[in-house]
Structures are given as C-alpha cells and as structure tokens.
Amino acid sequence: MAHQTFIDKESGFCFGVVTAIKKAEEELAKGEPLYCLGDIVHNGREVERLANLGLVTIDHDTFKTLRNVKVLLRAHGEPPSTYQIAKDNNITIIDASCPVVLRLQSKIKKRFQEDGNCQIVIYGKKGHAEVIGLEGQTNGTAIVVEGENDIESIDFTKDISLFSQTTKPLDGFNRLIESIKDRQKGGNFDYFDTICRQVANRIPNIRRFAEENDVVFFVGGKKSSNGKVLFEHCREANPNTFFVSGPDEITETQLQQCEGKKIGICGATSTPLWLMVDVKNLIDSKLD
Ligand code: SF4
-18 MAHQTFIDKE SGFCFGVVTA IKKAEEELAK GEPLYCLGDI VHNGREVERL
32 ANLGLVTIDH DTFKTLRNVK VLLRAHGEPP STYQIAKDNN ITIIDASCPV
82 VLRLQSKIKK RFQEDGNCQI VIYGKKGHAE VIGLEGQTNG TAIVVEGEND
132 IESIDFTKDI SLFSQTTKPL DGFNRLIESI KDRQKGGNFD YFDTICRQVA
182 NRIPNIRRFA EENDVVFFVG GKKSSNGKVL FEHCREANPN TFFVSGPDEI
232 TETQLQQCEG KKIGICGATS TPLWLMVDVK NLIDSKLD
C-alpha cells in the first residue's frame, strides 16, 4: 500500500503571529531598514526567511542604543519602559503586539491601579517576553508563578488577583486556583482565565491528529516552549512521533518506518505552513 501524508489543519501560526509577520512584510516592502525587538516568532527558519528580506533582529540592549529608526514589536507585547525608550530615542514603533495580549496588559494595569494592596499573581514562565510585558503593567511588583508548586512567594493573608500568560495550559491554571484556595488565610481571591483559545484547544486537537496517524512528524523551532509542550502531547498520543526543525533533519531510519503508512505532519503555534509543506514534499519525494 502506498503511503499517505496529511498536514494538520489546526497547526501553525495563530492569528497574532500571522498579523505580526504581515506587518513586517508590509514594512520591509517599503525598502527602509526595519528592526525587530526579539525573534518575531520562535522558529529559526521563519526568522531566517524574514532576515533575507531585510528584517534585523535585535535584543533590548541594542534597542536602547538605537536612534531615529523603525522597530517592530512582536506579538508577545512589551512593557511600558520599551515605549518610553522609543519616545526618548525618536524610534518609530511598528506595534504588532497581539490584541489579545494588549487586552490582558490593560486588565492587569487596571487591577493594579484600582488596588495597590492587592497582590497581582501571573501564572506564566519567568523571563518569557510576554510575562515581562505583563509585569511591566504593575511596575514590576507582580508575582510570577510557574505552577501550583511555586506559590511560596504569595502572602496568603492578603488579597490576590490571579491572571494567566496567554499560552499556559488550562489544567495547570485550574490546579493553581485550587492550591491558592487551599492555602488562603483571609483576603479576597479573584482569578481571571486569560488563556488564549487560539492555543488552549491545540492540545486536544493535536493529540487526536497524532492518534489518527501511524507516524507523526512534529515540525518546530528548538526555542519554542509551546512547541515542546505540543510535541510531548503528540508523543504521548503516538510514540512514533519525531521532532524535526525542517525537512533536512528527516533521517533514512525515520523514512523506513513510513513505508505504506499514514503520516501526519503537524507543528507548533510558531511553525510556518510553508515549512510543514516542505516536510511533506520531502517525505513524498523519498517514498514515491
Ligand atoms: S497565542 Fe493568542 S495571544 Fe498569543 S499571539 Fe497568538 S493569538 Fe495572540
């Protein structure tokens, strides 16, 4: 029987990333230099494609040294200090912060301004760009926790308002709520499910996709945390799952397992469709 290859329709860029890349391409088409603060997406191949079009990726230290240039802010969002530096240095901001992240930033800022005594707790990855942007709404006073076993820095006798980084898993958020409730010794506890549904539904979808296929190639960037999580779910649902960054990483041994099988190709929120198509084309060309 001939093999069959399928690309998961639910995989690939979320709308926040699609919009950011579109903005970058529009600006680059004008032929002027364009900088991007941090990798526009956690996928080395897509960063390389845009670099070839002229996009220069910089870090925050370099950003502070720039004057009179255009800088694109990616979907993760930035803290207020970034906008202040831009203002001081006459930098034109092309703001591609995702509207979902911007709404979350305002919600946190509002809560912080309403009640200075309330502890703002953010369920998120410490040091992640989106989380830094969220902490910035509270002048850096928010407490970031990575899960239900990381809650020692919270004062359980005081009011707590809990928010979530948009890409954290819903089950982890629910477990964290329960742990905080168990430890509370007075004070109010309110929590806001601010998880983005563009990613929350990906776990059950990708597990289903992995189960439906005999062999799975998960295409992702090595720096993508969302990619790592989704890959683990794929592998749990189907042990014949391989992680590849692109078609060049597919090995002969892997291809031997694909003969006559149903092969699924899927990826992270940061995986471009063209890369999944390249993987499909490589497999098809080797097995035909
Ligand atoms: S995952 Fe959701 S919040 Fe994050 S960039 Fe994508 S659409 Fe925006």
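Residue numbering for the sequence shown follows my numbering, starting at -18 and increasing by one per position.
We put the CB at the ideal spot given by N, CA and C, even for glycine.
{"Query": "Residues near S145 in its chain [Cβ-Cβ closer than 6 Å; skip 5 each side]", "Result": "Y104, F154, T175 and I176"}
{"Query": "Alpha-carbon to alpha-carbon, K11 and M257", "Result": "29 Å"}
{"Query": "At least 3 beta-carbon pairs within less than 8 Å: the segment 89 to 100 vs the segment 70 to 78", "Result": "no"}
{"Query": "Proximal residues to D265 (C-beta, below 7 Å), its chain only, five neighbours per side dropped", "Result": "T(-14)"}
{"Query": "Buried or exposed (CB count within 10 angstroms, at least 16 for buried), N207", "Result": "buried"}
{"Query": "Exposure of F(-4), with buried meaning 16 or more beta-carbon neighbours within 10 Å", "Result": "exposed"}
{"Query": "Residue span of the beta strand (DSSP E) that contains F(-13), given as start and end", "Result": "Q(-15) to I(-12)"}
{"Query": "Every unbroken alpha helix (DSSP H) within the segment 78 to 147, with a cutoff of 4 residues, ordered by chain", "Result": "80 to 95 and 110 to 116"}
{"Query": "V112 Cβ short of 8 Å to the ligand SF4 heavy atom set", "Result": "no"}
{"Query": "Residue of I141, T148, A181 and N182 minimising C-alpha distance to S167", "Result": "A small fix is needed here, since residue 167 is Gly in this sequence, not Ser. When each option's Cα is compared against that of G167, the closest is I141."}
{"Query": "Host alpha helix (DSSP H) of F44 (start-end)", "Result": "H41 to T46"}
{"Query": "Local conformation of G12 per DSSP, three classes", "Result": "coil"}
{"Query": "Nearest neighbour of K267, chosen from K51, D(-11), W255 and D229 [CA to CA]", "Result": "D229"}
{"Query": "Supposed close pair A123, V102 - CB separation, criterion 8 Å", "Result": "7 Å"}
{"Query": "C-beta contact flag for H23 and S205 at 9 Å", "Result": "yes"}
{"Query": "Beta-carbon proximity of G(-7) to L263, cut-off 9 Å", "Result": "no"}
{"Query": "Cβ neighbours of N17 in the same chain (closer than 6 Å, five flanking residues each side left out)", "Result": "For clarity, residue 17 is Cys in the given sequence; the question names Asn instead. Taken in chain order, the residues that qualify are L36, T38 and L53."}
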